[in-house]
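Chains as they are written, first to last, in the numbering used here: chain A, 1 to 111; chain B, 1001 to 1113. Beta carbons are placed, not taken as given, at the ideal position from N, Cα and C, and that holds for glycine. Just below is one structure, and these are the notes that go with it.
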């Protein structure tokens, strides 16, 4: 079945560092891909999405490009802030329109 | 304010004592869903509902029940909770059947002793 694999955390960075969180997927067909963010004590929020190959999703300084050739959707940000500390989930929407989730990556940003 | 609400936010209970976690959305969404979140496993879908009186099993439905008598409410029922149901639970909704962005509630942390 379809699946999503994320890099294990926690990922600890200093403020203003460059961020990459890896996400790869296996799926039949051409799923839509998502990044959700969960701030401490809150529910998940959609961060960005891409619906077809080579699409780039972006929001709040974060970006991710749908790479069909490498089945990847890595999350990047050029300069992280303490307020970016959260858990980040990669997900795909399968052919039945259900979301398949990665395990989540905890990001810790130190001042 | 458009939102998904869950109650209670925290619950500690004992094995076998029936409980209900409520979920309500005020966005007139057709689709609602319950997930559980466990460390290292991400989110796993328990049940979902595509509209009133229409519910279906997700990936981990055992030990849970749901109902969808009204569009706005989608309660999760644990008839006889067990310790392996200790988890963080999220309710989510979207405009239509899984095609649109899902909006999540704040979560319910359940501990079953």
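Buried versus exposed call for residue i [16 or more other C-beta atoms within 10 Å across all chains shown]
i: residue 1045 (chain B); result: buried
i: residue 68 (chain A); result: exposed
i: residue 1092 (chain B); result: buried
i: residue 57 (chain A); result: buried
i: residue 81 (chain A); result: exposed
i: residue 18 (chain A); result: exposed
i: residue 1057 (chain B); result: exposed
i: residue 40 (chain A); result: exposed
i: residue 31 (chain A); result: buried
i: residue 100 (chain A); result: buried
i: residue 1087 (chain B); result: buried
i: residue 60 (chain A); result: exposed
i: residue 109 (chain A); result: buried
i: residue 1012 (chain B); result: exposed
i: residue 1054 (chain B); result: exposed
Whether residue i touches residue j by CB criterion (8 Å)
i: residue 38 (chain A); j: residue 105 (chain A); result: no
i: residue 1113 (chain B); j: residue 1015 (chain B); result: yes
i: residue 1036 (chain B); j: residue 1060 (chain B); result: yes
i: residue 54 (chain A); j: residue 36 (chain A); result: no
i: residue 46 (chain A); j: residue 1101 (chain B); result: yes
i: residue 1068 (chain B); j: residue 1094 (chain B); result: no
i: residue 73 (chain A); j: residue 107 (chain A); result: no
i: residue 111 (chain A); j: residue 15 (chain A); result: yes
i: residue 1042 (chain B); j: residue 89 (chain A); result: yes
i: residue 76 (chain A); j: residue 86 (chain A); result: no
i: residue 44 (chain A); j: residue 62 (chain A); result: no
i: residue 1047 (chain B); j: residue 1109 (chain B); result: no
i: residue 1026 (chain B); j: residue 1071 (chain B); result: no
i: residue 1073 (chain B); j: residue 1024 (chain B); result: yes
i: residue 102 (chain A); j: residue 11 (chain A); result: no
i: residue 1082 (chain B); j: residue 1063 (chain B); result: yes
Assigned secondary structure, residue i (DSSP; H/G/I helix, E/B strand, else coil)
i: residue 1102 (chain B); result: coil
i: residue 1003 (chain B); result: coil
i: residue 1051 (chain B); result: strand
i: residue 59 (chain A); result: strand
i: residue 1084 (chain B); result: helix
i: residue 1064 (chain B); result: coil
i: residue 1069 (chain B); result: coil
i: residue 123 (chain A); result: It is not possible to answer for residue 123 (chain A), since the shown part of chain A is limited to 1 through 111.
i: residue 70 (chain A); result: coil
i: residue 1090 (chain B); result: strand
i: residue 30 (chain A); result: coil
i: residue 39 (chain A); result: coil
i: residue 1078 (chain B); result: strand
i: residue 24 (chain A); result: strand
i: residue 1056 (chain B); result: strand
i: residue 1111 (chain B); result: strand
i: residue 17 (chain A); result: coil
Quiz item: Do the segment 23-33 of chain A and the segment 92-99 of chain A meet, that is, are 3 or more Cβ pairs less than 8 Å apart?
Solution: yes
Exercise. May I ask you to verify whether the segment 1103-1110 of chain B touches the segment 1001-1008 of chain B, counting CB pairs closer than 8 Å and requiring at least 3?
Key: yes
Practice problem: Would you mind listing the beta strand (DSSP E) stretches within the segment 74-101 of chain A that are 3+ residues and don't spill past its ends, in chain order? | Solution: 75-77, 86-93 and 99-101
Quiz item: Contact between the segment 1077-1089 of chain B and the segment 1015-1030 of chain B: three or more CB pairs below 8 Å?
Solution: yes
Exercise. Tell me the start and end of each unbroken beta strand (DSSP E) in the segment 1020-1048 of chain B that is at least 3 residues and wholly inside, in chain order.
Key: 1031-1038
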